[in-house]
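So that you can map any letter, position 180 of the sequence shown is 197 in our numbering, and since no number is skipped, the others follow by simple counting.
Structure, as structure tokens:
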Amino acid sequence: MINLDHQATTPCHSSVIEAMEPWWREQWGNPSSRQHRLGLTAAAAIGSARERLAGSLGIRSEELIFTSGATEANNLALLGHARARALSDGGPGHLISVATEHHAVLDPLLQLKQEGFQISLLNPQKNGLITEKQLEQAIQPKTQLISVMVANNEIGVIQPIRELSAVCSSHGITMHTDAAQAYGHLQLNAEELGCALISLSAHKFNGPKGIGALVVRGETQLQPLQWGGGQEQGLRAGTLPVPLIMGMAAAAELSIEDLEERQARLQALRDQLWKGLKDENPTIQLNGALQPRLAHNLNITIPNVSGSRLHRALRPRLACSSGSACSRGEPSHVLRSIGRSRIEAEGSLRLSLGRDTTARDIDGAIEVITSAIKGLTQH
Numbered sequence: 018m019i020n021l022d023h024q025a026t027t028p029c030h031s032s033v034i035e036a037m038e039p040w041w042r043e044q045w046g047n048p049s050s051r052q053h054r055l056g057l058t059a060a061a062a063i064g065s066a067r068e069r070l071a072g073s074l075g076i077r078s079e080e081l082i083f084t085s086g087a088t089e090a091n092n093l094a095l096l097g098h099a100r101a102r103a104l105s106d107g108g109p110g111h112l113i114s115v116a117t118e119h120h121a122v123l124d125p126l127l128q129l130k131q132e133g134f135q136i137s138l139l140n141p142q143k144n145g146l147i148t149e150k151q152l153e154q155a156i157q158p159k160t161q162l163i164s165v166m167v168a169n170n171e172i173g174v175i176q177p178i179r180e181l182s183a184v185c186s187s188h189g190i191t192m193h194t195d196a197a198q199a200y201g202h203l204q205l206n207a208e209e210l211g212c213a214l215i216s217l218s219a220h221k222f223n224g225p226k227g228i229g230a231l232v233v234r235g236e237t238q239l240q241p242l243q244w245g246g247g248q249e250q251g252l253r254a255g256t257l258p259v260p261l262i263m264g265m266a267a268a269a270e271l272s273i274e275d276l277e278e279r280q281a282r283l284q285a286l287r288d289q290l291w292k293g294l295k296d297e298n299p300t301i302q303l304n305g306a307l308q309p310r311l312a313h314n315l316n317i318t319i320p321n322v323s324g325s326r327l328h329r330a331l332r333p334r335l336a337c338s339s340g341s342a343c344s345r346g347e348p349s350h351v352l353r354s355i356g357r358s359r360i361e362a363e364g365s366l367r368l369s370l371g372r373d374t375t376a377r378d379i380d381g382a383i384e385v386i387t388s389a390i391k392g393l394t395q396h
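If you want it as structure tokens, here you go:
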């Protein structure tokens, strides 16, 4: 099986598993238990991991709040900030996002709409990108928060976050970004991004599932979504999962250590994949801008084929997807938002490379996809 579905998740790296192992069996203390050695050791480990992760983003350690992943981080950022501002401002305000965001952003916004907030979703250009002018024109007097992901989880395009956050800053508006698909794959610095809220997820960069973080910079106001033991500065109650946090820190260091070399290698393989597929199947179409784009992402539409039959033909030999792993079986809302028809969206493939992808995998994928297309178009 050739795995080209690394944007859904990545395998936990062996060095990450090794970093977690002692915290499952030997040092199993609760970091909130400060009356004995086991608890103090766990707390010290959490502090070290937090500092390492914070350092990779150029933030203070107290600005990093651990969550169960980017979905929870997005919910805490959007619901938490909007509700906090509604209390301080005397009522619900206005939020702006993009129609191509992950459902972990779109669904919290839908919930806020039901609570009386105004929501504006920007439609991107056909290349998947939005512009500063679009954002500027959408801002209203009551706009409180703007959320735009760094890199799209389906078509891989990289939004101009620095420029968009500068627009937010000029209006005194809080900026949030879902960086789940970007952290570990791009050089990210919170100050340069200019975002007050940044969501992360460890399993997107060879870390464990079930752990992520929300960066909360400066004096950004948030209401918690759950209450209990007061962990994470009262913003996220619950016993911290020490092994997962240690794994996230180890995965982050691994990703940063070889980032430039890995991205250059994956981009070369991605370009080889695109050229090979296009040479063999001239009618296929690229979804989203080729640049700026994640090095490990390729998203294509294959005209005049049944999407369901295409994926059934590929399934025995190739792991890929037609969109987000959280798409609920519907045609990709991302592809629909950039102008693809329902049928075109169903006949699309998201191909995402990983740390272990080889040139042999790429050659095999080209062969498998081409064979499937020919088999379907000859009938």
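C-beta atoms are modelled at their ideal positions from N, C-alpha and C, and glycine is treated no differently.
Task: Exposure label - Ser31; buried when at least 16 CB within 10 Å - done: As a first step, residue 31 must be located in the sequence shown, where it is residue number 14. Around the Cβ of Ser31, a 10 Å sphere holds fewer than 16 other Cβ atoms; the residue is exposed.
TODO: Output the distance between the C-alpha atoms of Ala376 and Thr256, rounded to the nearest integer angstrom.
DONE: Indexing the sequence shown from 1 puts residue 376 at position 359. Indexing the sequence shown from 1 puts residue 256 at position 239. Distance between the alpha carbons of Ala376 and Thr256 is about 43 Å.
Open item on the list: Excluding the 5 residues flanking Gly247 on each side, which residues of the same chain have their C-beta closer than 8 Å to its C-beta?
Closed with: For the purposes of this step, residue 247 is identified with residue 230 of the sequence shown, where counting begins at 1. The answer, listed in chain order, is Ala254.
Task: Sequence-distant residues of its chain with Cβ nearer than 8 Å to Leu139 (five each side left out) - done: Mapped onto the sequence shown, residue 139 falls at position 122. Excluding residues up to 5 positions away in sequence, Ile113, Ser114, Val115, Ala116, Ile147, Gln151, Leu152, Ala155 lie with their Cβ nearer than 8 Å to the Cβ of Leu139 in the same chain.
Open item on the list: Quick check on the DSSP output: the beta strand (DSSP E) that includes His193 runs from which residue to which?
Closed with: Taking the first residue of the sequence shown as 1, we reach residue 193 at position 176. Note, His193: beta strand (DSSP E), 191 to 195.
Open item on the list: Mapping the DSSP letters down to three states, classify Ala168 as helix, strand or coil.
Closed with: Position 151 of the sequence shown, counting from 1, holds the residue named residue 168. For Ala168, the secondary structure class from DSSP, reduced to helix, strand or coil, is strand.
Open item on the list: Within the continuous beta strand (DSSP E) that includes Thr387, where are the two ends?
Closed with: On the sequence shown, residue 387 is found 370 positions in, with the first residue counted as 1. Careful: Thr387 lies outside any beta strand (DSSP E), inside the alpha helix (DSSP H) at 376 to 394.
Task: Exposure label - Gly275; buried when at least 16 CB within 10 Å - done: Taking the sequence shown and counting its residues from 1, the one referred to as residue 275 is at position 258. First, the residue type needs correcting, since residue 275 is Asp and not Gly in the sequence shown. With fewer than 16 other Cβ atoms from the protein chains shown falling within 10 Å of its own Cβ, Asp275 counts as exposed.
Open item on the list: Measuring straight from C-alpha to C-alpha, what distance separates Thr322 and Gln302?
Closed with: Along the sequence shown, one-based indexing puts residue 322 at 305. Along the sequence shown, one-based indexing puts residue 302 at 285. Thr is not the amino acid found at residue 322; the sequence shown has Val there. Taking the straight line from one Cα to the other gives about 13 Å.
Task: DSSP three-state assignment for Asp296, whether helix, strand or coil - done: Residue 296 sits at position 279 when you count from the first residue of the sequence shown. Reduced to three states, the DSSP call for Asp296 is helix.
TODO: Since I believe Gln157 is in contact with Arg367 (beta carbons under 8 Å), could you give me their beta-carbon distance rounded to a whole number of angstroms?
DONE: Counted from its first residue, the sequence shown places residue 367 at position 350. Counted from its first residue, the sequence shown places residue 157 at position 140. That pair is no contact at about 34 Å.
Open item on the list: Out of Ala66, Glu297, Ala99, which one is the CA nearest neighbour of Gln240?
Closed with: The sequence position of residue 240 within the sequence shown is 223, counting from 1. Ranked by Cα distance from Gln240, the first of Ala66, Glu297, Ala99 is Ala99.
TODO: Have a look at the DSSP bridge pairing and note the partners of Asn13.
DONE: In the structure as shown, the chain begins at 18 and stops at 396. Residue 13 is therefore absent and cannot be evaluated.
Open item on the list: Give me the residue from Gln204, Thr374, Ile163 with the minimum Cα distance to Val184.
Closed with: On the sequence shown, position 167 is the one that residue 184 refers to. Looking at Gln204, Thr374, Ile163, the one whose alpha-carbon comes closest to that of Val184 is Ile163.
Task: Three-pair Cβ contact test at 8 Å for the stretch 162 to 176 versus the stretch 298 to 312 - done: Inter-segment contact for the stretch 162 to 176 and the stretch 298 to 312 is present: three or more beta-carbon pairs are separated by less than 8 Å.
Open item on the list: What does the Cβ neighbour count give for Trp40, buried or exposed, with the cut at 16 atoms within 10 Å?
Closed with: Counting from 1 along the sequence shown, the entry for residue 40 is found at position 23. By the neighbour-count rule (16 or more Cβ atoms within 10 Å), Trp40 is buried.
Open item on the list: Alpha carbons only, please: which of Thr194, Ala266, Lys391 is nearest the one belonging to Ile34?
Closed with: Start at 1 with the first residue of the sequence shown, and residue 34 comes out as number 17. When the alpha-carbon of Ile34 is set against those of Thr194, Ala266, Lys391, the nearest one is in Ala266.
Open item on the list: Could you tell me the alpha carbon to alpha carbon distance between Met263 and Ala59, rounded to whole angstroms?
Closed with: For this step, residue 263 is matched to residue 246 along the sequence shown. For this step, residue 59 is matched to residue 42 along the sequence shown. One alpha carbon belongs to Met263, the other to Ala59, and they sit about 10 Å apart.
- [ ] Count the other CB atoms, across all protein chains shown, that sit within 10 Å of the CB of Glu249; report buried if there are 16 or more and exposed otherwise.
- [x] Position 232 of the sequence shown holds residue 249. Under the 10 Å beta carbon count, Glu249 is surrounded by 16 or more other beta carbons and is classified as buried.
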